[in-house]
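**Student:** For the protein sequence lines, the chains are A and B, in the order given.
Numbered according to the numbering used here, the first sequence spans residues 120 to 723.
Numbered according to the numbering used here, the second sequence spans residues 7 to 94.
Here a beta-carbon is modelled for each residue, glycine too, at the ideal position from N, C-alpha and C.
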Amino acid sequence: MIKGKFIDNLPKVYGIYTGGFLVFIIIMAIAEQAGMTAKMIGIFFVSFTVLIYALIGWLSRTLQTDAYYVAGRQVPTVFNGMATAADWMSGASFVAMAGGIYFKGYGYMALLVGWTGGYVLVASLLAPYLRKFGCYTVPDFIGTRYGGNLARFSAVIVLTVASFTYVTAQINATGTIASVALDIPFEIAVYVGLASILMCSMLGGMRAVTWTQVAQYIVLIIAYLLPVFWISNNIGAGFFPHFMLADEVARIAELEGQFGFVKNSAADLATVPKGLSAITKAHSSVNATPWAFISLAVCMMAGTASLPHVMMRYFTTPSVRTARRSVGWSLFFIFLLYSSAPMLATLSKISLMDPNLATGIIGKSITEVQALDWYQNWNQAKLMFVSDFNGNGTLELNEFFMKGSAVVLATPEIAGLPYVISGLVAAGGMAAAMSTADGLVLAISNALSHDVYYKIINPKAETAKRLIVARVLLVLIGFAGATIAALEIQGILGSVIWAFDFAMSGLFFPLVLGVWWKRANAPGAVAGMLLGLISGTAYLVWVRSGGSGFLGITQLTFGIVGAAVSLISMIVVSLITTAPDAATQKMVDDVRVPSGKTILGKQH
Amino acid sequence: MSKQEQHWEKTRNLLFITLAIWFVFSIGIFLFGAEMQESSIRPFGYPLTYWFTCQGSLAIFVILIFWFAGRQEKIDDEFGFTEREGDQ
């Protein structure tokens, strides 16, 4: 009864929540004026929002399998769109993307196109059909469509490899933000982040994750857009930056010409802290070959359509029709942030570069820059660095270094906004990383508990036992992810891109052909998944260990190799083995029609 | 041809149109990134290629999905394959 009421009252509930959050920001702003320290503001922002998510997670606890696995299939279109957007936009999107655009320009913007274009594939090729299928997890679809435990298990392997690569990056991001905002060591902060993630998902599974993700989306989008609009208005660039920054883009190009891109010597670079870089590429010129741009975009698009934590969000809508529309809403909510990232990069750059602005530092004397408050703070956090390489006493473009993630986190402070905005941005970054980590940890543990434990090991398990297994696995996977994240093997962005390539190598064609090619059978699908994953991984290892690669395929686009092998092996093996039986063909026919019963029952 | 086959044929044709539009704005135009950047067409004053990567392609994808969903619903309605209450 309360649940029914809750669903009917969603706009009101989240309206009040949003209003409450805005009031909280205003209270913090007043507290800052009254003399509250920057550190306290950061602590308040992060802990207050995390506690709200935990509360939602606790309120959404459940003992039913369909609520735990697919939120009872009653999430309305627009809200599912918001939840998917939060699920989708990770610490990489929030914290790293604007920084990537800031440093690499056009070549990097392939990610913007790839991470949005993939949704067209999701909407047209997969989501409505998988919703009609009525599965709980992605391997559930593979296992039932192709038949057999081997196919199901292969799908679990691919899912685990891709999602686990992704989740370590997200736990890393929550740890980074928690350590800066709460001022605790990274090794401990990682586990604080993990505890917050588990609080959101453990008791209520998909249902809890859904309602926390909606709450997290609201926080992260406010946290991203507010500084963009504020800075734009502050420097007089225009009240609606997205349509009004053309002059600034042109001005950056002019300044780049004036300052010039001086290449630093290796000896000079050795003195710069690890991971920091200076601007070396033009802001808006086309600086990548068509193939470099397109191959990266293609990998991100196919990866989008294969990543299980995204796909399973569309299992939660009430119908096939709403699943389709929900993809559109997801992309709309993602678009709001992605179209702002290049604007933030532009504003950040012009604030630092333009000598006509009070905030500009390039061309000022080194000692003057070193005396700036914000420089000292971020330099201490090892995220910024200046050095007078040419000894002329003036800061040149090639003498200012910053870490990619600092672009989003530090820009409000650089542009002279009150600290309350920096606290808000930290809370937004935390929300982005947590929401994605939640979805990923749940995707892995659901696949292991539903597909491996219930479908393969113990089909007679009772509901209560299944849900206990699911929760134990959730905690174990979370800890494994946090332990690896604490080792800091890789950067956030690199591992996110790898996750897309892994997913694309193993799952893209088995999923798509499962719906669109009736002749596809179990041996073909198994060959497609395993050979695709193995060849993609082998290519990655080869290129990483100094291999030259071929066709300009790099370690960021190895999914092209994996997916090609997957497609060919799937077709060849399917054709030389027997066609699927009549029952399977009928099942595919039923999936293609929205009306009628789902293939798998409501509770299975 | 049975009703279901006709429905699937129309669905498939819609898929091809959708993917063709998708291809143009996610892959096709970026074959000519350098040329387009020099174009005198400058939406909101931004260089053309830059604008497509920031906003243009992204916005087109959003519109494309909603257009696709609407067309597919029409096809489902036409053949009476739209879900009814209690189907689930």
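Check whether the stretch 534 to 545 of chain A and the stretch 342 to 354 of chain A touch, using three or more Cβ-Cβ pairs below 8 Å as the test.
**Tutor:** yes
**Student:** For the stretch 422 to 445 of chain A, list every residue whose C-beta sits within 8 Å of some C-beta in chain B, in sequence order.
**Tutor:** 437, 438, 439, 440, 443 and 444
**Student:** For residue 10 of chain B, which residues in chain A fall below 7 Å Cβ to Cβ?
**Tutor:** Taking the second sequence and counting its residues from 1, one reaches residue 10 of chain B at position 4. 708 and 712, listed in chain order.
**Student:** Let me know if residue 36 of chain B comes out buried or exposed under the rule of 16 or more other beta-carbons within 10 Å of its beta-carbon.
**Tutor:** Looking up residue 36 of chain B in the second sequence gives position 30. Residue 36 of chain B should be labelled buried.
**Student:** Between residue 499 of chain A and residue 629 of chain A, what straight-line distance do the alpha-carbon atoms span, to the nearest angstrom?
**Tutor:** Residue numbering aside, residue 499 of chain A sits at position 380 when the first sequence is read from its first letter. Residue numbering aside, residue 629 of chain A sits at position 510 when the first sequence is read from its first letter. Distance from the CA atom of residue 499 of chain A to the CA atom of residue 629 of chain A, rounded to whole angstroms, is 49 Å.
**Student:** Suppose the cutoff is 6 Å on Cβ atoms and the five residues either side in sequence are ignored; what does the same chain contact list for residue 85 of chain B look like?
**Tutor:** Position 79 of the second sequence, counting from 1, holds the residue named residue 85 of chain B. Contacts found: 9 and 13.
**Student:** Determine whether the beta carbon atoms of residue 641 of chain A and residue 274 of chain A lie at a separation below 8 Å.
**Tutor:** Residue numbering aside, residue 641 of chain A sits at position 522 when the first sequence is read from its first letter. Residue numbering aside, residue 274 of chain A sits at position 155 when the first sequence is read from its first letter. Their beta carbons are not under 8 Å apart, which means residue 641 of chain A does not touch residue 274 of chain A by this criterion.
**Student:** So with CB distances below 7 Å, who are the chain A contacts of residue 68 of chain B?
**Tutor:** Walking along the second sequence from the start, residue 68 of chain B turns up at place 62. Result: 447, 450, 451 and 454.
**Student:** Quick one: grab the DSSP three-state call for residue 680 of chain A.
**Tutor:** Counted from its first residue, the first sequence places residue 680 of chain A at position 561. The answer is helix: DSSP assigns residue 680 of chain A an H, G or I state.
**Student:** Would you say residue 144 of chain A and residue 556 of chain A are within 8 Å of each other, going by their C-beta atoms?
**Tutor:** Here residue 144 of chain A refers to the residue found at position 25 when the first sequence is read from its first residue. Here residue 556 of chain A refers to the residue found at position 437 when the first sequence is read from its first residue. The Cβ atoms of residue 144 of chain A and residue 556 of chain A do not sit closer than 8 Å to each other.
**Student:** Under a Cβ-count criterion, where at least 16 other Cβ atoms within 10 Å of its own Cβ denotes burial, should residue 667 of chain A be classed as buried or exposed?
**Tutor:** Translated into the one-based positions of the first sequence, residue 667 of chain A becomes position 548. Flag for residue 667 of chain A reads exposed.
**Student:** With a threshold of 8 Å between beta carbons, is residue 71 of chain B in contact with chain A?
**Tutor:** Counting from one through the second sequence, the residue named residue 71 of chain B turns up at place 65. Residue 71 of chain B counts as touching chain A.
**Student:** Pop quiz: residue 626 of chain A and residue 648 of chain A are said to be a contact at Cβ under 8 Å. What is the actual Cβ separation, rounded to whole angstroms?
**Tutor:** The count along the first sequence starts at 1 and reaches residue 626 of chain A at position 507. The count along the first sequence starts at 1 and reaches residue 648 of chain A at position 529. Their Cβ separation, rounded to whole angstroms, is 7 Å, which keeps residue 626 of chain A and residue 648 of chain A in contact under 8 Å.
**Student:** Assign residue 532 of chain A to buried or exposed, taking buried as 16 or more other Cβ atoms, counted over all protein chains shown, within 10 Å of its Cβ.
**Tutor:** Taking the first sequence and counting its residues from 1, one reaches residue 532 of chain A at position 413. The residue is buried, with at least 16 neighbouring Cβ atoms inside 10 Å.
**Student:** Distance, Cα to Cα, residue 495 of chain A vs residue 191 of chain A?
**Tutor:** To locate residue 495 of chain A, count along the first sequence from 1; it is residue 376. To locate residue 191 of chain A, count along the first sequence from 1; it is residue 72. Approximately 51 Å, taken between the alpha carbons.
**Student:** Report all residues from its chain with a CB closer than 8 Å to the CB of residue 516 of chain A; omit the five preceding and five following residues, and keep chain order.
**Tutor:** Position 397 of the first sequence, counting from 1, holds the residue named residue 516 of chain A. The answer, listed in chain order, is 375, 378, 379, 380, 381, 397, 398, 472 and 481.
**Student:** Would residue 652 of chain A count as contacting chain B if we go by Cβ distances under 8 Å?
**Tutor:** Here the question's residue 652 of chain A lines up with position 533 in the first sequence. Not closer than 8 Å to any Cβ of chain B, the Cβ of residue 652 of chain A fails to qualify, so no.
**Student:** Suppose you measure from the CA of residue 538 of chain A to the CA of residue 156 of chain A; what does that come to, to the nearest Å?
**Tutor:** Locating residue 538 of chain A in the first sequence gives position 419, counting from the first residue. Locating residue 156 of chain A in the first sequence gives position 37, counting from the first residue. Going from the Cα of residue 538 of chain A to the Cα of residue 156 of chain A covers about 9 Å.
**Student:** Give me whichever residues DSSP pairs with residue 279 of chain A in a beta bridge.
**Tutor:** In the first sequence, residue 279 of chain A corresponds to position 160, counting from 1. None, per the DSSP bridge assignment.
**Student:** Report the CB separation of residue 337 of chain A from residue 137 of chain A in whole angstroms; it is logged as a contact under 8 Å.
**Tutor:** Here residue 337 of chain A corresponds to residue number 218 of the first sequence, with the count starting at 1. Here residue 137 of chain A corresponds to residue number 18 of the first sequence, with the count starting at 1. About 5 Å separates the two Cβ atoms, so the contact holds.
**Student:** Is residue 468 of chain A helix, strand or coil by DSSP?
**Tutor:** Position 349 of the first sequence holds residue 468 of chain A. Residue state, collapsed to three classes: helix.
**Student:** Could you list which residues in chain A have their beta carbon closer than 9 Å to that of residue 77 of chain B, in chain order?
**Tutor:** In the second sequence, the residue the question calls residue 77 of chain B occupies position 71. What residue 77 of chain B touches in chain A: nothing, since even the nearest Cβ is about 10 Å away.
**Student:** For residue 120 of chain A, which of helix, strand or coil comes out of DSSP?
**Tutor:** If you number the first sequence from 1, residue 120 of chain A lands on position 1. Reliability fails at residue 120 of chain A, whose pLDDT of 37 lies under 50, so the model's placement of it is uncertain and the value that follows must be treated cautiously. Correct three-state label for residue 120 of chain A: coil.
**Student:** Does the pairing of the stretch 172 to 186 of chain A with the stretch 308 to 326 of chain A give three or more beta-carbon distances under 8 Å?
**Tutor:** yes
**Student:** What does residue 89 of chain B reach in chain A if we use C-beta pairs closer than 7 Å?
**Tutor:** The residue given as residue 89 of chain B occupies position 83 in the second sequence. Near residue 89 of chain B (Cβ distances below 7 Å), the residues of chain A are 438, 439, 440, 713 and 714.
**Student:** Where does the unbroken alpha helix (DSSP H) through residue 223 of chain A begin, and where does it stop?
**Tutor:** Here residue 223 of chain A is taken as the residue at index 104 of the first sequence, counted from 1. Element bounds for residue 223 of chain A: 216 to 223.
**Student:** Just curious, the beta strand (DSSP E) that residue 201 of chain A is in, first and last residue?
**Tutor:** Locating residue 201 of chain A in the first sequence gives position 82, counting from the first residue. It is not in any beta strand (DSSP E) - residue 201 of chain A instead sits in the alpha helix (DSSP H) that spans 196 to 207.
**Student:** Checking contacts by CB at 8 Å: is residue 47 of chain B closer than that to chain A?
**Tutor:** Counting from 1 along the second sequence, the entry for residue 47 of chain B is found at position 41. No - not a single Cβ of chain A is within 8 Å of the one on residue 47 of chain B.
**Student:** Check residue 731 of chain A in the structure and name its three-state DSSP category.
**Tutor:** In the structure as shown, chain A starts at 120 and stops at 723, and residue 731 of chain A therefore has no counterpart that could be examined.
**Student:** Can you tell me where the alpha helix (DSSP H) holding residue 631 of chain A begins and where it ends?
**Tutor:** Here residue 631 of chain A refers to the residue found at position 512 when the first sequence is read from its first residue. It spans 611 to 635 - the alpha helix (DSSP H) in which residue 631 of chain A sits, taken as one unbroken run.
**Student:** For residue 403 of chain A versus residue 56 of chain B, is the C-beta spacing smaller than 8 Å?
**Tutor:** Here residue 403 of chain A refers to the residue found at position 284 of the first sequence. Here residue 56 of chain B refers to the residue found at position 50 of the second sequence. Contact flag set, yes.
**Student:** What does the alpha-carbon distance come out to for the pair residue 254 of chain A and residue 194 of chain A?
**Tutor:** Here residue 254 of chain A corresponds to residue number 135 of the first sequence, with the count starting at 1. Here residue 194 of chain A corresponds to residue number 75 of the first sequence, with the count starting at 1. Whole-angstrom Cα-Cα distance: 16 Å.
**Student:** Flag residue 365 of chain A as yes if its beta-carbon sits less than 8 Å from any beta-carbon of chain B, otherwise no.
**Tutor:** To locate residue 365 of chain A, count along the first sequence from 1; it is residue 246. By this cut-off, residue 365 of chain A is an interface position.
**Student:** Interface residues of chain A around residue 21 of chain B at Cβ under 9 Å?
**Tutor:** As a working note, residue 21 of chain B is residue 15 in the second sequence. Near residue 21 of chain B (Cβ distances below 9 Å), the residues of chain A are 243, 244 and 635.
**Student:** Hey, is residue 274 of chain A close to the ligand ADP, as in C-beta under 7 Å from one of its heavy atoms?
**Tutor:** By its list of ligands, the structure shown contains no ligand whatsoever, and the ligand ADP lies outside what it can speak to.
**Student:** If I measure Cβ to Cβ from residue 234 of chain A and keep anything under 6 Å in the same chain, skipping five residues before and after, which residues do I get?
**Tutor:** By 1-based counting over the first sequence, the position of residue 234 of chain A is 115. Once the five neighbours on either side are set aside, the close Cβ partners of residue 234 of chain A are 419.
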